[in-house]
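Residue numbers (my numbering): 244 to 295.
Below, the structure is given as C-alpha coordinates:
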(Lines of atoms letter the chains of each structure in order from A and count residues from 1; the text may use other names and numbers.)
(Lines give C-alpha, C1' and ligand atoms only; values in the text may rest on other atoms or scores of the structure.)
Protein backbone atom coordinates (compact mmCIF):
# COMPACT_ATOMS: atom_id res chain seq x y z
CA UNK A 1 0.00 0.00 0.00
CA UNK A 2 1.20 3.53 -0.79
CA UNK A 3 0.86 6.03 2.01
CA UNK A 4 0.93 9.82 1.63
CA UNK A 5 0.73 9.70 -2.16
CA UNK A 6 -2.56 11.52 -2.65
CA UNK A 7 -2.10 15.27 -3.07
CA UNK A 8 1.69 15.14 -3.28
CA UNK A 9 1.94 15.22 -7.08
CA UNK A 10 2.58 18.97 -7.28
CA UNK A 11 5.29 19.29 -4.62
CA UNK A 12 7.74 20.48 -7.28
CA UNK A 13 5.55 23.53 -7.87
CA UNK A 14 5.93 24.75 -4.27
CA UNK A 15 9.31 26.53 -4.52
CA UNK A 16 8.32 28.96 -7.33
CA UNK A 17 5.03 29.72 -5.60
CA UNK A 18 6.76 30.29 -2.26
CA UNK A 19 9.40 32.48 -3.92
CA UNK A 20 6.74 34.67 -5.52
CA UNK A 21 4.94 34.97 -2.18
CA UNK A 22 8.18 35.98 -0.44
CA UNK A 23 9.05 38.54 -3.12
CA UNK A 24 5.64 40.12 -2.72
CA UNK A 25 5.77 40.01 1.09
CA UNK A 26 9.16 41.79 1.20
CA UNK A 27 8.34 44.27 -1.56
CA UNK A 28 10.89 42.96 -4.06
CA UNK A 29 10.39 43.08 -7.80
CA UNK A 30 10.81 39.80 -9.72
CA UNK A 31 13.35 41.44 -12.05
CA UNK A 32 15.57 42.23 -9.01
CA UNK A 33 15.90 38.54 -8.15
CA UNK A 34 17.10 35.55 -10.11
CA UNK A 35 17.48 31.84 -9.49
CA UNK A 36 20.42 29.96 -10.95
CA UNK A 37 19.71 26.81 -12.90
CA UNK A 38 21.68 23.67 -12.17
CA UNK A 39 25.27 24.27 -13.30
CA UNK A 40 24.67 27.93 -14.15
CA UNK A 41 26.91 30.73 -12.88
CA UNK A 42 26.83 34.52 -13.20
CA UNK A 43 29.40 37.24 -12.72
CA UNK A 44 28.16 39.92 -10.33
CA UNK A 45 29.56 43.42 -9.74
CA UNK A 46 31.98 43.36 -12.65
CA UNK A 47 33.24 46.55 -14.22
CA UNK A 48 34.49 46.88 -17.81
CA UNK A 49 37.99 45.65 -16.85
CA UNK A 50 36.62 42.37 -15.54
CA UNK A 51 37.61 43.18 -11.96
CA UNK A 52 35.37 43.76 -9.00
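Heads up, the beta-carbon is just placed ideally off N, CA and C, and yes, glycines get one too.
From a predicted model like this one, the values you see are computed outputs, not experimental measurements.
Mind checking which residues open and close the alpha helix (DSSP H) that includes residue 302? Given a span of 244 to 295 for the chain in the structure shown, any question on residue 302 remains unanswerable.
Taking only the alpha-carbon atoms, compute the straight-line gap between residue 269 and residue 262 and give it to the nearest angstrom. Roughly 11 Å between the two C-alpha positions.
May I ask whether a heavy atom of the ligand SAM can be found less than 8 Å away from the beta carbon of residue 254? No copy of the ligand SAM appears in this structure; indeed no ligand is present at all.
Compare the beta carbon distance of residue 256 and residue 265 with 9 Å and say whether it is the shorter of the two. Their beta carbons are not under 9 Å apart, which means residue 256 does not touch residue 265 by this criterion.
Quick check on DSSP: helix, strand or coil for residue 286? Coil.
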